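To start, the structure under review is shown below, and the notes come after it.
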Amino acid sequence: MAEGGAKNIARRDGMGTTLLSAVEAIGAIPDAYFQAVGSGTGTIAVWENNLRLIEDGRFGRKKTRLYASQNAPFTLMYDSWKAHQRALVPMTAEESRTKAAEIDAKVLSNRKPPYSIAGGLFDALSDSAGDMYKVTNDELNYWQRKFLSLEGIDIYSAAAVAVASLAQAVKNGDVRRDEVIMVNVTGGGEEMAKAGGYFMAMPDLVLSPDLPEDEIIEKVDKLFE
């Protein structure tokens, strides 16, 4: 069932809880945020929640610099951003398929992302004084191995793109060593799971869409009593 994608407020709010969770643990709004993007919806969600945190005031009033990254050669949003334009650069369906086939992080190959629209990724990056990076397959593969050796867990290709972009930012001086940096590692642990190092998480509540509204509200209320 199509649920609206980036235009669905509930979807963005759900994705934005990554920032809220990090801020809760850190005790402050981070200076910089890194995420690999296909649509950019997650980064947009972080931007929106950052503005809410600023309005709230309990964790400071810092505007997090947003750093998004794509897997080369599928760099539709990166190319548009570096051209300093809101409109996406032209990309034919054939070119899209060819470039998508070349990248290791397949989930980052969205041909129609919410980049140009009001409140989209272009606005989020502009408002936060952020930037975009492009990462090759060789770079992401290197940082997959490096992350495993340093952190002890395997990560997916898309997550490795974000980690590789952080490495670029450090090398370029875009972030300082004394800054608080959040990296959204969007997926991993598959190899660990195969080795048996996991447990099956069970849902706290399962609801049918066919239930009456008042019954759904009652069940949710009981969950939080």
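Under this note's numbering, the first residue of the sequence shown is numbered 1, with each subsequent residue one higher. Glycine included, each C-beta is placed from N, C-alpha and C at the ideal position. This structure is a prediction, so every number in the text was calculated from the model and none was measured.
### Query
Expressed to the nearest angstrom, what Euclidean distance is found between the alpha-carbon atoms of I217 and R11?
Using only the alpha carbons, I get a separation of about 19 Å.
### Query
Quick one: Cα of D138 to Cα of Q168, how far?
Rounded to whole angstroms, the separation of the alpha carbons of Q168 and D138 is 14 Å.
### Query
Which residues mark the beginning and the end of the alpha helix (DSSP H) in which K63 is found?
No alpha helix (DSSP H) contains K63, which DSSP labels as neither H nor E.
### Query
When the Cα atoms are used, what is the spatial distance from W47 to G120?
Distance between the alpha carbons of W47 and G120: 10 Å.
### Query
Between the beta-carbon of S157 and the beta-carbon of D104, is there less than 8 Å?
Cβ distance < 8 Å, so S157 and D104 count as in contact.
### 4-residue-minimum alpha helix (DSSP H) runs that sit fully inside the stretch 102-136, ordered along the chain
Complete alpha helix (DSSP H) runs here, min 4: 121-127.
### Task
Return the chain-ordered list of same chain residues with a C-beta closer than 6 Å to the C-beta of K80, the five sequence neighbours on each side being excluded.
The displayed chain sequence assigns Ser, not Lys, to residue 80. For S80, where only same-chain residues beyond five positions count, the Cβ hits under 6 Å are L88 and V89.
#### Entry: Selected residue, minimal CA-CA separation from G38, among T186, G27 and V220
When the alpha-carbon of G38 is set against those of T186, G27 and V220, the nearest one is in T186.
### Message
According to DSSP, simplified to helix, strand and coil, what is G27?
### Response
Looking at G27 - three-state DSSP - the assignment turns out to be coil, as it is neither helix nor strand.
### Residue nearest to A193 in terms of C-alpha spacing, selected from D154, E94 and V23
When only C-alpha atoms are compared, the closest one is D154.
### Check whether A36 and A162 have beta carbons under 8 Å apart
Taking the C-beta atoms as reference points, A162 is found nearer than 8 Å to A36.
### Message
Could you tell me the alpha carbon to alpha carbon distance between E226 and P113, rounded to whole angstroms?
### Response
Coverage of the chain is limited to positions 1 through 225, which leaves residue 226 absent and any answer about it impossible.
### Message
Pop quiz: R86 and F34 are said to be a contact at Cβ under 8 Å. What is the actual Cβ separation, rounded to whole angstroms?
### Response
That pair is no contact at about 23 Å.
#### Entry: Beta-carbon contacts of V180 that lie in its chain and below 7 Å, excluding the five residues immediately before and after
Hits under 7 Å: I26, A28, P30 and D31.
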